[in-house]
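Per full-length UniProt numbering, the very first residue in the sequence shown carries number 1; after that it's consecutive. Okay, structure first, notes after.
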Amino acid sequence: MHTDVTAADVQLAHRLAKTASDIALAYFRRGVAHRSKPDGTPVSDADLEVDAALGDLLARTCPEDGVLSEESGDRTGRSGRRWIIDPIDGTVPYLAGGRAWGAHVALEDQDGLAVAVLTRPTENRWWWAVRGGGAYVVDAADTLSVTAPLKLSHTARLTGARVGGFVPPGESPAAAAIARHAQWCEDEVSVIAALLEGRLDAVLDEGGNPWDQAPAALLVAEAGGVFADPAGGRRLDAAWLLYGGAAMHAALRPVLAAHLPAFEDHPEGARSAAAT
Numbered sequence: 001m002h003t004d005v006t007a008a009d010v011q012l013a014h015r016l017a018k019t020a021s022d023i024a025l026a027y028f029r030r031g032v033a034h035r036s037k038p039d040g041t042p043v044s045d046a047d048l049e050v051d052a053a054l055g056d057l058l059a060r061t062c063p064e065d066g067v068l069s070e071e072s073g074d075r076t077g078r079s080g081r082r083w084i085i086d087p088i089d090g091t092v093p094y095l096a097g098g099r100a101w102g103a104h105v106a107l108e109d110q111d112g113l114a115v116a117v118l119t120r121p122t123e124n125r126w127w128w129a130v131r132g133g134g135a136y137v138v139d140a141a142d143t144l145s146v147t148a149p150l151k152l153s154h155t156a157r158l159t160g161a162r163v164g165g166f167v168p169p170g171e172s173p174a175a176a177a178i179a180r181h182a183q184w185c186e187d188e189v190s191v192i193a194a195l196l197e198g199r200l201d202a203v204l205d206e207g208g209n210p211w212d213q214a215p216a217a218l219l220v221a222e223a224g225g226v227f228a229d230p231a232g233g234r235r236l237d238a239a240w241l242l243y244g245g246a247a248m249h250a251a252l253r254p255v256l257a258a259h260l261p262a263f264e265d266h267p268e269g270a271r272s273a274a275a276t
């Protein structure tokens, strides 16, 4: 039996995402200091303040839940639930004054992903999903009652299909293989957002971490699509996921067959630094 997702869970996910977006947007407008992490990727004062604010909110509202955050690591809980958070997904474009950044929030329980929210504050766009309840887009983050259901593309033919990803064909054999059969695309705001709104037919995510992939995975599934790891499963720790409608997913798997990574062969942080 599936664990029920409560209205309180959904409301908290939205509250976390809005808190993150508000803090990040305030820094974005006035400028923000940053430094490099040990792995060479950037982290800003905004990333750290958002992470601290969300950690404090979760400690006060659901202290028994675990938390996995890009900036503060894994905090084990006792409830069997875990919040998966990227305080600012897209730190590189964020620091460069671009638009492809926002909050990633997901709740995972013993039955898998339960709630997901993904935001793009500079676009005033907000995508969210609930397990068994569908996926939606909101034009304004403060009017969550005004939503529209998400519907993925149902394109089945590779010829003319639009496929996006985070690692360009010049740096990825898998992306290059796709580009020989379909149109490889990049989106100024988010390839995941473009997929969710039908502007792309599939997305290949190479090198992503659970906090990158968890919200997108539930959003795609609840919008009627599928996501799969290299083995065809639904793991979020394989650093590789293919998202899309079922027909396009089936068309792409043979193209990618020679380029599927083994879990142990996929290094941490393989995703392009531009997507950090």
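Virtual Cβ for every residue (Gly too), placed ideally from N, Cα, C.
Residue i by DSSP, collapsed to three states: which one?
i	result
S36	strand
P168	coil
L54	helix
A141	Its pLDDT being 49, under 50, A141 is placed unreliably by the model, and the measurement read from it follows with that caveat. The answer is coil: DSSP assigns A141 none of H, G, I, E or B.
A223	coil
D9	helix
A161	coil
A258	helix
R234	coil
W83	strand
residue 278	As displayed, the chain neither begins before 1 nor continues past 276, which places residue 278 out of reach and without an answer.
Which term fits residue i, buried or exposed, when burial requires 16 or more other beta carbons within 10 angstroms of its beta carbon?
i	result
R157	exposed
G90	buried
E222	buried
E186	exposed
G40	exposed
E79	Before going further, note that residue 79 is Ser rather than Glu in the sequence given. With fewer than 16 other Cβ atoms within 10 Å, it is exposed.
R131	buried
By Cβ distance below 8 angstroms, which residues in the same chain neighbour residue i in space, the five residues on each side in sequence not counted?
i	result
T61	L12
T19	V50, A53, L54, L57
P168	A175, W184, E186, S272
L25	P121, T122
Going by beta carbon distance, what residues of the same chain come within less than 6 angstroms of residue i, once the five residues before and after it are set aside?
i	result
Q183	R162
residue 292	Residue 292 falls outside the range modelled here, since the chain spans only 1 to 276, and no answer is possible.
Report all residues from its chain with a CB closer than 7 angstroms to the CB of residue i; omit the five preceding and five following residues, and keep chain order.
i	result
L107	D9, A13, R81, W83, A114, V115
H259	P173, A174, A177
What span of residues does the beta strand (DSSP E) with residue i cover, start to end?
i	result
A114	112 to 120
Mind checking which residues open and close the alpha helix (DSSP H) that includes residue i?
i	result
P63	No alpha helix (DSSP H) holds P63; DSSP gives it neither H nor E.
Given 8 angstroms, three or more beta-carbon pairs between the region 151 to 169 and the region 242 to 249: yes
Meets three-Cβ-pair contact criterion under 8 angstroms: the region 97 to 108 and the region 117 to 137: yes
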